[in-house]
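This report concerns only the one structure given below.
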Amino acid sequence: MTIEMKWLGHATWLIETEGHRILLDPFLNDSPTSPVKADEVDADVILVSHGHFDHVSDVASIASRNDSQVIANWEIAEWFAKNHSLENTVGMNIGGNFQSEFFKLKMTHAIHSSQLPDGSYGGNPGGFLLTLANKNIYFACDTSLFSDMQLIGKSGVDIAVLPIGDLFTMGPEDSIEAIKLIAPKQVLPSHYGTWPPIEQDAEAWANKVRDQTDAEPVVLTPGESHTF
Ligand code: NI
Ligand code: MN
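Numbering (my numbering), first residue to last: 220 to 447.
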């Protein structure tokens, strides 16, 4: 059973396995690096890590068109239900697990903020530990480095997706420390290259990962997939 992870630029990921499609933090129409527009993307499930515009802006349109299940923290799930009339929402919170027919999801801690675009309170920001097809994929999402990443790594992380953009999240140097704590088999960079303030040299980062950690770096360009 293989899993295909497609990077749609910024922090947007489309995960597909056995015909199931999980979309994380869709930011497409206003993203300078997205290879697709929101009306070209279909998803059964949409995960939302926190309330910032670069993570929620295309959730409602894609969810409405596909009747996607939208999974987020309690406050964001309620916000989508009330403000965008989404009926298929799941509200959870940090440390909780959600079990669906084909995947398990744990909402993990993230150190960031989470205000929604209209100023509403967006609850606590989170990351996701996604288990499907017997693989553990950890999306740190927007966060700084934190030492409890070591606990998340104890689950046995096959793939970690970490921000490296700096300024709004951890940067390349702290991501190396994060990789040492999580000890994933492979690591994919995210949340960089979208705008000049978060431009990074991903190949230089990949060389540091190879030199300083046991993980294999996988650098994609927007629109490219990693299959494992
Ligand atoms: Ni953010
Ligand atoms: Mn962000």
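Where a beta carbon is used, it is the ideal one built from N, C-alpha and C, also for glycine.
Just so we're clear, the structure is a prediction, and the values are computed from it rather than from any experiment.
Threshold first: 4 residues or longer. Then list the alpha helix (DSSP H) segments lying entirely within the region 255 to 326, N to C.
As far as the region 255 to 326 is concerned, its whole alpha helix (DSSP H) runs of at least 4 residues are 272 to 275, 278 to 285, 293 to 302.
Residue ranges of each alpha helix (DSSP H) within the region 376 to 428, 4 or longer: Scanning the region 376 to 428 for uninterrupted alpha helix (DSSP H) segments of 4 residues or longer gives 391 to 401, listed from N- to C-terminal end.
Got a sec? Which residues, its chain only, sit under 6 Å from residue 417 by beta carbon, not counting five neighbours each side?
Correct list, in chain order: 384, 386, 411.
Report task. Starting from residue 448, follow the beta strand (DSSP E) in both directions and report where the run begins and ends. Result -> For the chain, the structure presents residues 220 to 447; residue 448 sits outside this window and is missing.
State yes or no: is the C-beta of residue 230 nearer than 7 Å to some heavy atom of the ligand MN? True, at least one ligand heavy atom lies under 7 Å from that Cβ.
Pull up the distance between the alpha-carbon of residue 402 and that of residue 264, whole angstroms please. Within the model, the alpha-carbon separation for residue 402 versus residue 264 is close to 27 Å.
ask   = Comparing the CB of residue 387 with every heavy atom of the ligand MN, is any distance shorter than 7 Å?
value = Yes, the ligand MN has a heavy atom inside 7 Å of this Cβ.
What three-state label does DSSP hand residue 356 in the structure shown? Of the three classes helix, strand and coil, the one that applies to residue 356 here is strand, per DSSP.
Start-to-end residues for the alpha helix (DSSP H) that takes in residue 184 | Any question about residue 184 goes unanswered here, given that the chain covers just 220 to 447.
What do you reckon, is the C-beta of residue 303 under 7 Å from a heavy atom of the ligand NI?
In this structure, residue 303 has its CB at a distance of at least 7 Å from all heavy atoms of the ligand NI.
With hydrogens ignored, establish whether the beta-carbon of residue 277 is closer than 7 Å to any heavy atom of the ligand NI. Using a cutoff of 7 Å, the CB of residue 277 does not count as near the ligand NI, since none of the ligand's heavy atoms is closer than that.
- Query: Relative to the C-alpha of residue 344, which residue among 362, 283, 240, 353 is closest?
  - Reply: Minimum Cα distance to residue 344 is reached at 362.
- [ ] With a 10 Å radius around its C-beta and 16 neighbouring C-beta atoms as the bar for buried, classify residue 308 as buried or exposed.
- [x] Buried, because 16 or more other Cβ atoms sit within 10 Å of the Cβ of residue 308.
Discussion item. For the region 262 to 278 against the region 329 to 346, do three or more pairs of beta-carbon atoms, one drawn from each stretch, fall closer than 8 Å, so that the two count as touching?
Written reply: Enough Cβ pairs lie closer than 8 Å, so yes.
### Integer Cβ distance of residue 378 from residue 432, believed to fall under 8 Å
Wrong, their Cβ atoms sit about 14 Å apart, outside the cutoff.
Q. If you measure from the beta carbon of residue 354 to each beta carbon in chain B, is any gap under 8 Å?
A. Given the protein chain composition of this structure (a single chain), no chain B is represented.
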